[in-house]
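Working notes, beginning with the structure itself.
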Amino acid sequence: MEKNIITDKITGDKIIHAKHDSGLDIYICEMEGYSSVEALFGTKYGSVNTMFKMAQDKEYTVVPEGIAHFLEHKLFENEDCDVFELYAKTGASGNAFTSFDKTAYLFSCTKNYQESLKILLDFVQAPYFTQETVDKEQGIIGQEIQMTNDNPEWRVFFNMLRCMYHNHPVKIDIVGTIESIAQINADLLYKCYYTFYNLNNMVLSIAGNIKADEVLEICDKCLKPCEDKGLETVFPDEPESVVKSEITEKQPVGASIFNIGYKCKPESGKERLEKVMAASVAADILSDPSTEMYQKLLKEGIINSSFGTEVFTGDGYFTVIFSGESDSPDVIRDTVSDEIDRIIKEGIDEELFGRIKKSNYGGLIRELNNVEAVANLMMNSHMDGVGPYDTIEVLSKLKSSDVLDFMKNELRKDRRVMSVIERTV
Amino acid sequence: MKYNRTEISDKIGFSSVTDPKFKTNLLTVRFITSLDSKTVSANTLGVSILSDANSKFKTIAEMSKKLSSLYGAGISSFSKKRGDLQILGFTASWINGRYAFDGEDLDAEMAQITRDCLFSPNAENGEFDSEIFKIAKKDLLDRIDAELNNKRGYALSRAEELAFKGEPAEVSCTGKRENAEKVTPADAYRAYQNILKTSQIEIIYVSSEENNTLKEMFAEEFAKIERQPREYVFASKSPLKSDVETLSEELDVRQCKMVMTFKTDSDDKFAISMLSMIYGATPVSKLFMNVREKMSLCYYCASRFSAIKNVVAVDSGVEKSNIEKAKAEILNQLDEIIKGNITDEEMQSALLSLDNAYNSIGDTPSSYSNWYFERFCDGKIVTPQEHFKNYPEVTKARIIQAASSLKLDSIYYMLSKEAE
Numbered sequence: 063m064e065k066n067i068i069t070d071k072i073t074g075d076k077i078i079h080a081k082h083d084s085g086l087d088i089y090i091c092e093m094e095g096y097s098s099v100e101a102l103f104g105t106k107y108g109s110v111n112t113m114f115k116m117a118q119d120k121e122y123t124v125v126p127e128g129i130a131h132f133l134e135h136k137l138f139e140n141e142d143c144d145v146f147e148l149y150a151k152t153g154a155s156g157n158a159f160t161s162f163d164k165t166a167y168l169f170s171c172t173k174n175y176q177e178s179l180k181i182l183l184d185f186v187q188a189p190y191f192t193q194e195t196v197d198k199e200q201g202i203i204g205q206e207i208q209m210t211n212d213n214p215e216w217r218v219f220f221n222m223l224r225c226m227y228h229n230h231p232v233k234i235d236i237v238g239t240i241e242s243i244a245q246i247n248a249d250l251l252y253k254c255y256y257t258f259y260n261l262n263n264m265v266l267s268i269a270g271n272i273k274a275d276e277v278l279e280i281c282d283k284c285l286k287p288c289e290d291k292g293l294e295t296v297f298p299d300e301p302e303s304v305v306k307s308e309i310t311e312k313q314p315v316g317a318s319i320f321n322i323g324y325k326c327k328p329e330s331g332k333e334r335l336e337k338v339m340a341a342s343v344a345a346d347i348l349s350d351p352s353t354e355m356y357q358k359l360l361k362e363g364i365i366n367s368s369f370g371t372e373v374f375t376g377d378g379y380f381t382v383i384f385s386g387e388s389d390s391p392d393v394i395r396d397t398v399s400d401e402i403d404r405i406i407k408e409g410i411d412e413e414l415f416g417r418i419k420k421s422n423y424g425g426l427i428r429e430l431n432n433v434e435a436v437a438n439l440m441m442n443s444h445m446d447g448v449g450p451y452d453t454i455e456v457l458s459k460l461k462s463s464d465v466l467d468f469m470k471n472e473l474r475k476d477r478r479v480m481s482v483i484e485r486t487v
Numbered sequence: 361m362k363y364n365r366t367e368i369s370d371k372i373g374f375s376s377v378t379d380p381k382f383k384t385n386l387l388t389v390r391f392i393t394s395l396d397s398k399t400v401s402a403n404t405l406g407v408s409i410l411s412d413a414n415s416k417f418k419t420i421a422e423m424s425k426k427l428s429s430l431y432g433a434g435i436s437s438f439s440k441k442r443g444d445l446q447i448l449g450f451t452a453s454w455i456n457g458r459y460a461f462d463g464e465d466l467d468a469e470m471a472q473i474t475r476d477c478l479f480s481p482n483a484e485n486g487e488f489d490s491e492i493f494k495i496a497k498k499d500l501l502d503r504i505d506a507e508l509n510n511k512r513g514y515a516l517s518r519a520e521e522l523a524f525k526g527e528p529a530e531v532s533c534t535g536k537r538e539n540a541e542k543v544t545p546a547d548a549y550r551a552y553q554n555i556l557k558t559s560q561i562e563i564i565y566v567s568s569e570e571n572n573t574l575k576e577m578f579a580e581e582f583a584k585i586e587r588q589p590r591e592y593v594f595a596s597k598s599p600l601k602s603d604v605e606t607l608s609e610e611l612d613v614r615q616c617k618m619v620m621t622f623k624t625d626s627d628d629k630f631a632i633s634m635l636s637m638i639y640g641a642t643p644v645s646k647l648f649m650n651v652r653e654k655m656s657l658c659y660y661c662a663s664r665f666s667a668i669k670n671v672v673a674v675d676s677g678v679e680k681s682n683i684e685k686a687k688a689e690i691l692n693q694l695d696e697i698i699k700g701n702i703t704d705e706e707m708q709s710a711l712l713s714l715d716n717a718y719n720s721i722g723d724t725p726s727s728y729s730n731w732y733f734e735r736f737c738d739g740k741i742v743t744p745q746e747h748f749k750n751y752p753e754v755t756k757a758r759i760i761q762a763a764s765s766l767k768l769d770s771i772y773y774m775l776s777k778e779a780e
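Protein chains in written order, with our numbering: chain A, 63 to 487; chain B, 361 to 780.
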């Protein structure tokens, strides 16, 4: 097993990375003085991975929308019991989530972490699906789909993605649809499981009140060696253009909400991280409360304190989103675009740029103050192909010209989409 | 970790929690006052405006500029409901000075900003600056309107309104739109001055190093105020309605919501807490395992106990056609507990879950702050571990007794408009 220590130059915090003989990447952060432990066992498999093959396969397999999330639900059931019942014996709080590009199984606890870690490693490596339990789950997930349809934040976001992406599966709902989950059966679940739940495609991230040696010893006992079968995922070609520029849906909400998104060119690895930092700082510059643009919108009552931004990215997609509550989202859309034009013409205010960098740096330090955040940081950075402390380094090297270039090349009116949920009450 | 509370003036406590592991500092000032529909909106505005600006940084823009230059330090305000009381708060958080690469004295900077926000706000001639006030008021009105955006949260707050009808706790912590609309900059300023004078105040500072500057600053500032603090009762049982009351609202939603509120006159809070864990507060609870997993009646179905009002609420997300079946099963599962159907595994799992939850308090600055504020309200300062020691003593008999004491008080339904 190869082991190396990654040190953060600013805080002195240390992370142990081990490449286990089974094929699994393991990240461990011992956090002195903390009582809790957060562990995540994740696979690089999410709702966007609907088309894939192994090196030995001739054809690509296409699976129904929502299957990664369905599989996550089903893996929580063992042959003889529910995984929650196992955690109930250790006191850990277990959970799982599926996002666009990953599925993770997690627990948090303050005692008996060794036992809980064994449970986590064992159940994720032991799938058990029958048609009967699959049928039952279709009912439960059907209810979850109905619930997400009542969630305006969810709707406004997916409506935006559907307007933005022609073919990329990021536009499909993570939970799928009633029709798509009806096509799922036990065989398909096993096929997806054995494709994506290969330890070479997975990562274990554990932080808090733990001992690295104990963690690695448990891994040695519980991990079953896996052969790397050369997984290939493929995404359909995606044009740079958007599908349509605007979408509005009416819902029984008290405040109308909006997402204004800019479709950008996707990147991977370190280039993605550099682009994310440039995009984050660009978005912060465009939404900073100290700017004239923000003040004008605020004083005119067009935005309120809910106005914010997000950089949303993964394999084959990259978007900068402005969101919030407003009855006049079109004014916000046009004002943000005018502000981008002005900055491109006049350049970036260096004082503002410096403050935003400082503020982002503070945010990264805060992240290292929290067991759960550290565990997530280690998993996410591994899946993104970068080191856990690379963000601070990339931020420190970021120049205002990088941000200006990003604005010029990526925040384009012809790649802009506005999604609105309009109130009916 | 070191905890120390001193009374810096009559009904003003200053607590410091020092834990070397933290990379950030957190200061929370909580003003405790009565919850009343007549004052709730002015109180909320009077405190929420404090974090927008002060006499030195007179606009949101200037304040934001200052805070981002201090490595993204944050200040914010809140208004919360705690039983029959309104808890108004001001928080400031910033990274530890050892990470400030330009060598700023962040503690001193943040102490000064806090001092100016609380004791020298942007106000003149007895009223807040009208421009800042207009923005804060619109924000409050938007928060009130947006409550409906989160259907589960909205259902819970409507259920509280129904369950606590006629009590102060029926009032929401933001107040009604029509009341908030009437508040003027002078009303909000008067409300804040009254809060400074009459509220009980608890200040909690969580940091990695001991520092008396903040305590001295607060002592000095409060000494200038002629205080007439009131006494508040921190917990009060909600009386049971003579008949179960229901409230239904129809909305264009796909999933219906049902919130059942039970009340009890039992004083055995540890037993009720254990009962709630076994009944519906964990993924191995009776409600989760039966109502959701075995019978697929609800997507979520969970119980929560509020020791402040002695109430157990069960909230669920349910299809319209399953509402009656779900309601019957939720009541049936409570009957199972009353009949003594509690396994040793259920007891053990509830205990382990509680142990886990209490032990993790202290891993974030805010968890310390909330813990010691709640213990102050309880009138007994103990550590989470000392508090937990009460649970292993709870017997099945005490849980059965607690379950028998629960009486259904009211049910709130959010119904979909679609045909069944």
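Cβ coordinates follow ideal geometry from the N, Cα and C atoms, glycine included. Predicted, not measured: the structure shown is a model, and the values here were computed from it.
Report yes if the CB atom of residue i is closer than 8 Å to the CB atom of residue j, and no otherwise.
{"i": "G95(A)", "j": "D715(B)", "result": "no"}
{"i": "N157(A)", "j": "L148(A)", "result": "no"}
{"i": "L448(B)", "j": "I435(B)", "result": "no"}
{"i": "M339(A)", "j": "I406(A)", "result": "no"}
{"i": "V619(B)", "j": "Y514(B)", "result": "no"}
{"i": "L501(B)", "j": "E541(B)", "result": "yes"}
{"i": "L516(B)", "j": "L607(B)", "result": "no"}
{"i": "P189(A)", "j": "Y107(A)", "result": "no"}
{"i": "L405(B)", "j": "V543(B)", "result": "yes"}
{"i": "T558(B)", "j": "R590(B)", "result": "yes"}
{"i": "P391(A)", "j": "M445(A)", "result": "no"}
Applying a beta-carbon distance threshold of less than 8 Å, which residues of chain B neighbour residue i?
{"i": "D212(A)", "result": "K511, V613, R614 and Q615"}
{"i": "T152(A)", "result": "L712"}
With residue i and residue j assumed to form a contact (beta carbons below 8 Å), what rounded beta-carbon distance in angstroms separates them?
{"i": "V678(B)", "j": "C658(B)", "result": "5 Å"}
{"i": "V124(A)", "j": "T112(A)", "result": "6 Å"}
{"i": "Q313(A)", "j": "I483(A)", "result": "5 Å"}
{"i": "L86(A)", "j": "L261(A)", "result": "4 Å"}
{"i": "I759(B)", "j": "I702(B)", "result": "6 Å"}
{"i": "N431(A)", "j": "I383(A)", "result": "That pair is no contact at about 26 Å."}
{"i": "D412(B)", "j": "I492(B)", "result": "5 Å"}
{"i": "V315(A)", "j": "L508(B)", "result": "6 Å"}
{"i": "I240(A)", "j": "I207(A)", "result": "6 Å"}
{"i": "I243(A)", "j": "G128(A)", "result": "5 Å"}
Residues of chain B with CB under 9 Å from residue i, in chain order?
{"i": "Y423(A)", "result": "Y431, G432, I455, Y459 and F461"}
{"i": "T486(A)", "result": "D612"}
From the DSSP secondary-structure annotation, give me the bridge partner or partners of residue i.
{"i": "L448(B)", "result": "F391(B) and S439(B)"}
{"i": "V566(B)", "result": "V377(B) and L386(B)"}
{"i": "C281(A)", "result": "DSSP, once it has assigned bridges, lists no residue as partnering C281(A)."}
{"i": "W454(B)", "result": "N385(B)"}
{"i": "M618(B)", "result": "S676(B) and Y773(B)"}
{"i": "T606(B)", "result": "I771(B)"}
{"i": "M264(A)", "result": "T105(A)"}
Listing by chain order, which chain A residues have their CB less than 8 Å from the CB of residue i?
{"i": "P545(B)", "result": "By Cβ distance, chain A contributes nothing, its closest Cβ being about 16 Å from P545(B), past 8 Å."}
{"i": "K383(B)", "result": "T73, I427, R428, L430 and N431"}
{"i": "S636(B)", "result": "Ordered by position in chain A, no residue passes the 8 Å Cβ test against S636(B), which lies about 16 Å from the chain."}
{"i": "K425(B)", "result": "S352 and R417"}
{"i": "K498(B)", "result": "G363 and N366"}
{"i": "A421(B)", "result": "P351, S352, T353, Y356 and Q357"}
Who are the neighbours of residue i on chain B, taking C-beta pairs under 7 Å?
{"i": "M209(A)", "result": "Q615, Y659 and G677"}
{"i": "Y96(A)", "result": "K381 and D723"}
{"i": "C171(A)", "result": "N716"}
*For the region 502-516 of chain B, which residues have a CB atom closer than 7 Å to at least one CB atom of chain A, in sequence order?*
Cβ contacts with chain A: D502, D505, A506, E507, L508, N509 and K511.
*In the region 335-351 of chain A, which residues sit with their C-beta less than 8 Å from some C-beta in chain B, listed in chain order?*
Cβ contacts with chain B: D350 and P351.
_chain A contacts made by the region 644-656 of chain B, where a contact means CB separation under 9 Å_ = Only those residues of the region 644-656 of chain B whose C-beta falls short of 9 Å from the nearest C-beta of chain A are listed: V644, F648, M649, R652, E653 and S656.
*Taking a cut of 9 Å between CB atoms, which residues from the region 289-320 of chain A lie near chain B?*
Taken in chain order, the members of the region 289-320 of chain A whose beta-carbon sits within less than 9 Å of a beta-carbon on chain B are K312, Q313, P314, V315, G316, A317 and I319.
_What are the residues in the region 184-201 of chain A lying within 9 Å of chain B by C-beta distance?_
Listed by position, the residues of the region 184-201 of chain A near chain B (Cβ gap below 9 Å) are K198 and G201.
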